[in-house]
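Peer 1: For reference, each letter of the sequence shown is one residue, going 42 to 249 in this note's numbering. By construction, the Cβ of each residue, glycine as well, lies at the ideal position given by its N, Cα and C atoms. Mind having a look at this structure? Questions to follow.
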Amino acid sequence: MLFKAMRRGFLLFLVALVAGCAGERPLPPPVPVDPVSALIADLKRGSYVFYWRHAETETKGEPEVRNLADCSWQRNLNAEGKRQAAAVGERFRLWGLSVRFIEGSPFCRTRETAAIAFERPVRLNSDLAYHVSQAPEQIAAGVEKLKARFARRPRTPGNLLLVGHAPPLRDAVGIEVPEGHGVIVKPDGAGGFRVVARFSDAGLFPER
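And the structure:
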């Protein structure tokens, strides 16, 4: 009797086990994460540095630096550049991104780019200035200061936006961007940094 009861219990256990296995469904595949959405979510947490080359400018010679408060001798934004600047500002608003600190080169084209996009005062930073007439050692010093700024995390919460020129960025990170385009840099907290994305009026493009 005992043996029959044990045998019957074992058979019932096997039936229940098979039924349970048959009722299991495979787990659904993981939902792929949109890299742009993931990046935007991280950017909203702050501590990034945005470097934006001024928007498109008019074709005009600019052989030497004069009074930077006087825009008449400078290569200023053309109509397309003003559109670019406004469009990038609108992109930031659509992405829900805020920049707590904005610093710009003292040239009129950089100041105007930031003013059109964000409609707020820009802190002028002579370290961001660049001109072909500068001495090589002056240019090199500016690049080193830019690297140091990229490596330093902005005060949280918030991001830092630097509006400048193409050559210092190229020499600092090895990337040359067209007018109106920029890069997003993430300081690593240990004296280094990496470029995580590029941006323009066309959108946000994470680095692969």
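Where DSSP assigns a beta bridge to K227, which residues make up the other side?
Peer 2: Residue mapping note: residue 227 aligns to position 186 of the sequence shown, counting from 1. Under DSSP, K227 forms a beta bridge with R235.
Peer 1: Could you name the residues that DSSP lists as bridge partners for I143?
Peer 2: Position 102 of the sequence shown holds residue 143. According to DSSP, I143 bridges with L202.
Peer 1: With DSSP as the reference, label V184 as helix, strand or coil.
Peer 2: Taking the first residue of the sequence shown as 1, we reach residue 184 at position 143. In the structure shown, V184 sits in a helix (DSSP, three-state: H, G or I).
Peer 1: Would you be able to state if there are at least three C-beta pairs under 8 Å between the region 122-133 and the region 145-159?
Peer 2: yes
Peer 1: Buried or exposed, going by whether 16 or more other CB atoms sit within 10 Å of the CB of F240?
Peer 2: Position 199 of the sequence shown holds residue 240. F240 is buried by the Cβ-count criterion.
Peer 1: Can you find the residues in the same chain that come closer than 7 Å, C-beta to C-beta, to V184, ignoring five residues on each side of it along the sequence?
Peer 2: Along the sequence shown, one-based indexing puts residue 184 at 143. If the five residues before and after V184 are omitted, its C-beta is found closer than 7 Å to the C-beta atoms of P209, D212 and A213, all from its own chain and listed in chain order.
Peer 1: Name the residue from L138, R161 and V226 whose alpha carbon lies nearest to the alpha carbon of A82.
Peer 2: Here residue 82 refers to the residue found at position 41 when the sequence shown is read from its first residue. Of the candidates L138, R161 and V226, the one whose C-alpha sits nearest the C-alpha of A82 is L138.
Peer 1: Put V163 into one of helix, strand or coil per three-state DSSP.
Peer 2: Looking up residue 163 in the sequence shown gives position 122. Note: V163 maps to coil in three-state DSSP.
Peer 1: If you run the structure through DSSP and keep just helix, strand and coil, what is S241?
Peer 2: For the purposes of this step, residue 241 is taken as residue 200 along the sequence shown, with counting starting at 1. Correct three-state label for S241: strand.
Peer 1: Rounding to the nearest angstrom, what Cα-Cα distance links R107 and R193 in this structure?
Peer 2: Taking the first residue of the sequence shown as 1, we reach residue 107 at position 66. Taking the first residue of the sequence shown as 1, we reach residue 193 at position 152. Cα to Cα, R107 sits roughly 32 Å from R193.
Peer 1: Grab the span of the alpha helix (DSSP H) containing F91 for me, first residue to last.
Peer 2: Position 50 of the sequence shown, counted from the start, is the residue given in the question as residue 91. Careful: F91 lies outside any alpha helix (DSSP H), inside the beta strand (DSSP E) at V90 to R94.
Peer 1: Might you give, ordered along the chain, the residues of its own chain that have their beta carbon closer than 6 Å to the beta carbon of R161, omitting 5 neighbours on each side?
Peer 2: Counting from one through the sequence shown, the residue named residue 161 turns up at place 120. Once the five neighbours on either side are set aside, R161 has no close Cβ partner at all.
Peer 1: Identify every residue that forms a DSSP beta bridge with T154.
Peer 2: Within the sequence shown, numbered from 1, the residue matching residue 154 stands at position 113. For T154, which the question treats as bridged, DSSP gives no partner whatsoever.
Peer 1: Just confirm the distance between the C-beta atoms of V25 and P247, as a whole number of angstroms; I'd bet it's less than 8 Å.
Peer 2: Missing from the structure shown is residue 25; the chain here goes from 42 to 249 and no further.
Peer 1: Provide the residue(s) that pair with L118 in DSSP beta bridges, ordered along the chain.
Peer 2: Against the sequence shown, residue 118 aligns to sequence position 77. Paired residues: T98.
Peer 1: When DSSP builds the beta bridges, which residues end up paired with F133?
Peer 2: Sequence index remark: in the sequence shown, residue 133 carries index 92 (1-based). Looking at the DSSP assignment, F133 forms no beta bridge with any residue, so it has no partner.
Peer 1: Give the C-beta separation of P198 and F142 to the nearest angstrom, bearing in mind that I take them to be a contact with Cβ-Cβ under 8 Å.
Peer 2: Here the question's residue 198 lines up with position 157 in the sequence shown. Here the question's residue 142 lines up with position 101 in the sequence shown. Not a contact, Cβ separation roughly 11 Å.
Peer 1: Can you give the Cα-Cα distance for S113 and H95, rounded to whole angstroms?
Peer 2: Reading the sequence shown from its first residue, position 72 is the one you call residue 113. Reading the sequence shown from its first residue, position 54 is the one you call residue 95. Between S113 and H95, the C-alpha separation is close to 17 Å.
Peer 1: In whole angstroms, what is the alpha-carbon distance linking F159 and S174?
Peer 2: Locating residue 159 in the sequence shown gives position 118, where the first residue counts as 1. Locating residue 174 in the sequence shown gives position 133, where the first residue counts as 1. Rounded to the nearest angstrom, the two C-alpha atoms are 30 Å apart.
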